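Reviewing the structure listed below.
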């Protein structure tokens, strides 16, 4: 174990959340719960990134009173990456939800295994 | 800077912008735009390739007004330009070869949406090939994933939608791991541009700092990309996705989409981590083992399969195993063999998919082997092309598959410790390949007595036949004139460093 | 001398209505609000029977866990390996994190010359007070260009899946025939409370969204967040007043053209900027005075373009999920 586990408690929480989301995505049979797992996973990564940018005692990266010293603000890069990441996650969620709608309307179930079984029976 | 240096940028932006344009066009106009864009990008990449071979040096191109650690960059070398050209050729042929099936399988009002997806897929592939920035790569990986999912499910039957869900779930696991690895790497180095990360990584290795996080970050990125490119244990989504989607999609997915991720992995190995540092980790052994397992189990599943398109899909699993086995050898020769196999597999697999559709069409649309009896007589062009593709997959001389197997074997001989395993599995896999491909070829050339299905002549399928002929020529070209191509790959890999 | 109102006139006044409501003689919502209870979802009994039968048959044959040992084995194996893999991953990540540089400290690899230049020269070089906006729309604009196309391609896939198209004969295409084209039966009709609140709130929400977009380079905000707020306003409006009202100003055509113009503008503007940057040409776009609303070079127009795309996309997602069209 390294020295920084308790200092980096935010990242540790992010890692645990990431694994919870990951497990959900793998193990849940209900499609909606899988999508929730996916969103937990994405949010965990954004939490991780936000923690990376944080510097104690500094302000958000918006220039106030004309101060442009690097010592006054936190690191802006992780914030920008999170912004980009959120858009990706929104798009993916929308796609997954519409796939779920189509499958539910047709097979009246949200269980992926049952859907697979019905498909096998259709034999197409 | 020469004007030609703008070409990578033009290719990416042109295909991205044409996607937007197609959203307001009707299906037919969108098709023309799509074809024109693919041809234009192909020509631009070809000119760029000639220019780069001539100058012998790669170049970086600023995406904006700011230099390296601050701005965003793309980078072009021989390998990138060659890949872009090759991707365009395969994409054009796959689109042309499957165009007639598109009308049966996709709603007519949604044809322009199909071409939007193709354009955006092309732009994301180009961006993955050319980019010099890790986060840009992540964003375009997502575009690639979503548009590939669209290509799978646009033929809206139950199977394809279910396959799309499975594909998305696996891909999202992969993206999540890739992004996490990327964030750790960013935390350790403070950079997002590949060349800057590499400098920092070699410094970290020299000073012996952050060893464990560094290895974990590399491993996460590798596993993420392996999942996305359907390496053996993660291939469950693949047979349905390739087997039931419309034929152009299947050809493009198997030959281009997974190759885009693999190419990104090669870039990461060379340009982010450094080839020697990557080879000193245990990760290559894991890749090697999973590659070998993929080669065996993919072929075994293909033998058991009774559906021709699913069989071809399972054969992809085996071929991707070959590519990762090449990575796992950890030598320059193994890498060259892998890159050559990317080209050869892309050319052969799309040929097989397009030929298979010709065979099923003359068998009443059925894909079962029983119904395919004698299909090679009913559709001669497709039969010949399928045979050529099969021979190439098995590794018969004159075809591209032979060269890649030869390169793999040569590479394996140089590696102590892995030589025996690689050669044995290579042999077993070749025999297994021969079993299922030759079984199919014999089946399609078995006289079927009297069948209710009509014969098809050249007149009925001009475009399809021409496409098949071009694919076969491409395969033979790769097989016969392999030396210049191998030289080009070696030169390109040297430029990566 | 007070003039006495006639009973007829009196009955028209507000006072009369008020007192009659006060005394409980009249319910003002009666007849104005249709408080119909939601109709129950009618299912075809045959369909139900068939689905149940199918369900049972499947459970019998495929999921007969008593006899299908292989499947049961596979499932338990899958679960065990997944759980083990996730635990392994968690342990691995926690160990990794314990070796990472400490959070909240300024001296670590992340805070290098890159971040320093973004902060110190960002104002001068991009003209944006919001350093993050300057970074994502100027220094690293290629990512953001890709990001807006991620949203675009996601909309396309949603359209493919959920848009109900009619073929030339005017029939709904067989591929999408499972979808229910009309869900208006589930929608509350003429809900006075919702409408009143919506008519107050929607303008405020939309103006707030516009403020966020226009303020993107001066403070927290930007195209995506502002667009999402506007999209929320539009969805509220749709819920209160129904599709008939929104179709007057927002149809699929509007959506198509707004998206096309915004994305084309984005693409072309950024291409110009990339091209001039890479070829070391002088860009004609001025940065303006920092702090003014018209400053920050391309950032403000790009924010507007992104905002329009996002607002329309949010609304389109909602309309597609609701009934497969606008």
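Chains as they are written, first to last, in this note's numbering: chain A, -5 to 118; chain B, 63 to 559; chain C, 13 to 338.
Just so it is clear, CB atoms sit at the ideal spot from N, CA and C, and this is done for glycine as well.
All values reported here derive from a predicted model rather than from experimental measurement.
Return yes when the C-beta of residue 386 of chain B is under 8 Å from any heavy atom of the ligand ADP, and no when it is not.
-> Because no ligand of any kind appears in the structure shown, any question about the ligand ADP cannot be addressed here.
Which residue's Cα is closest to the Cα of residue 258 of chain B: B:209, B:330, B:241?
-> B:330
For the stretch 280 to 296 of chain B, which residues have a beta carbon sitting closer than 7 Å to at least one beta carbon of chain A?
-> none
CB contact below 9 Å: residue 40 of chain A versus chain C | no
Taking a Cβ distance cut-off of 7 Å, strictly less, list which residues of the stretch 110 to 144 of chain B are near chain C, in chain order.
-> 123, 124, 125, 126, 127, 128, 131, 132, 133, 134
Which first and last residues belong to the beta strand (DSSP E) in which residue 221 of chain B is found?
-> First-last for residue 221 of chain B: 220 to 251, but that is the alpha helix (DSSP H), not the beta strand (DSSP E).
Length at least 4, wholly inside the stretch 131 to 197 of chain B: the alpha helix (DSSP H) runs in chain order = 140 to 167, 173 to 192
In this structure, does DSSP put residue 124 of chain B in helix, strand or coil?
-> strand
Shortest alpha-carbon distance to residue 548 of chain B belongs to which of B:405, B:558, B:69?
-> B:405
Residues bridged to residue 327 of chain C by DSSP?
-> Looking at the DSSP assignment, residue 327 of chain C forms no beta bridge with any residue, so it has no partner.
Exposed or buried, residue 13 of chain C, counting other C-beta atoms within 10 Å across all chains shown (16 or more means buried)?
-> Residue confidence is low: residue 13 of chain C scores 49 on pLDDT, short of 50, so the model does not pin down where it sits. No coordinate-derived value is stated.
Alpha carbon to alpha carbon, how far is residue 248 of chain C from residue 52 of chain A? Give it in angstroms, no decimals.
-> 38 Å
In chain order, which alpha helix (DSSP H) runs of at least 4 residues are fully inside the stretch 315 to 368 of chain B?
-> 320 to 329, 337 to 341, 345 to 366
Cβ atoms of residue 168 of chain C and residue 175 of chain B: under 9 Å apart, would you say?
-> yes
Are the CB atoms of residue 294 of chain B and residue 383 of chain B nearer to each other than 9 Å?
-> yes
If you follow the alpha helix (DSSP H) that residue 264 of chain C is part of, which residue opens it and which one closes it?
-> 264 to 290
For residue 417 of chain B, which of helix, strand or coil comes out of DSSP?
-> helix
Nearest candidate by alpha-carbon position, reference residue 136 of chain B, set B:207, B:79, B:256 = B:256
Determine, using beta carbons only, whether residue 10 of chain B comes closer than 9 Å to chain C.
-> Nothing about residue 10 of chain B can be reported from this structure: the residues present for chain B run from 63 to 559 only.
With a cut-off of 8 Å on the beta carbons, I'd call residue 238 of chain C and residue 218 of chain C a contact; round off their distance for me.
-> Actually they do not touch by this definition, with Cβ atoms about 10 Å apart.
Please decide whether residue 26 of chain A counts as near chain C, where near means a Cβ-Cβ distance under 9 Å.
-> no
Contained beta strand (DSSP E) runs [length at least 3] in the stretch 449 to 486 of chain B, N- to C-terminal order | none
Could you please give me the residues that DSSP links to residue 53 of chain A through a beta bridge?
-> A:67
Ignore the nearest five residues each way along the sequence and tell me which others in residue 184 of chain B's own chain have a CB closer than 8 Å to its CB.
-> 77, 99, 100, 103, 149, 150, 153
Residue span of the alpha helix (DSSP H) that contains residue 29 of chain C, given as start and end = 26 to 34
Taking residue 370 of chain B as part of the alpha helix (DSSP H), name the residues at either end of that continuous run.
-> 370 to 391
Helix, strand or coil: how does DSSP classify residue 13 of chain C here?
-> Because the pLDDT at residue 13 of chain C is just 49, under 50, the model does not fix this residue reliably, and the point stays unresolved.
With C-beta atoms as the reference, is residue 86 of chain B less than 9 Å away from residue 268 of chain C?
-> yes
Quick one: what's got a C-beta closer than 6 Å to residue 303 of chain B's C-beta in the same chain, skipping five residues either side?
-> 214, 225, 229
When A:59, A:70, A:45, A:86 are compared against residue 3 of chain A, the one with the closest alpha-carbon | A:45
CA-to-CA distance, residue 171 of chain B to residue 321 of chain C, given in whole angstroms | 23 Å
Starting from residue 517 of chain B, follow the alpha helix (DSSP H) in both directions and report where the run begins and ends.
-> Taken as a continuous stretch (DSSP letters only), residue 517 of chain B belongs to no alpha helix (DSSP H), as it is neither H nor E.
Tell whether a beta-carbon distance below 9 Å holds between residue 558 of chain B and residue 144 of chain B.
-> no
Segment limits, alpha helix (DSSP H) that includes residue 67 of chain B = Element bounds for residue 67 of chain B: n/a, residue is neither H nor E.
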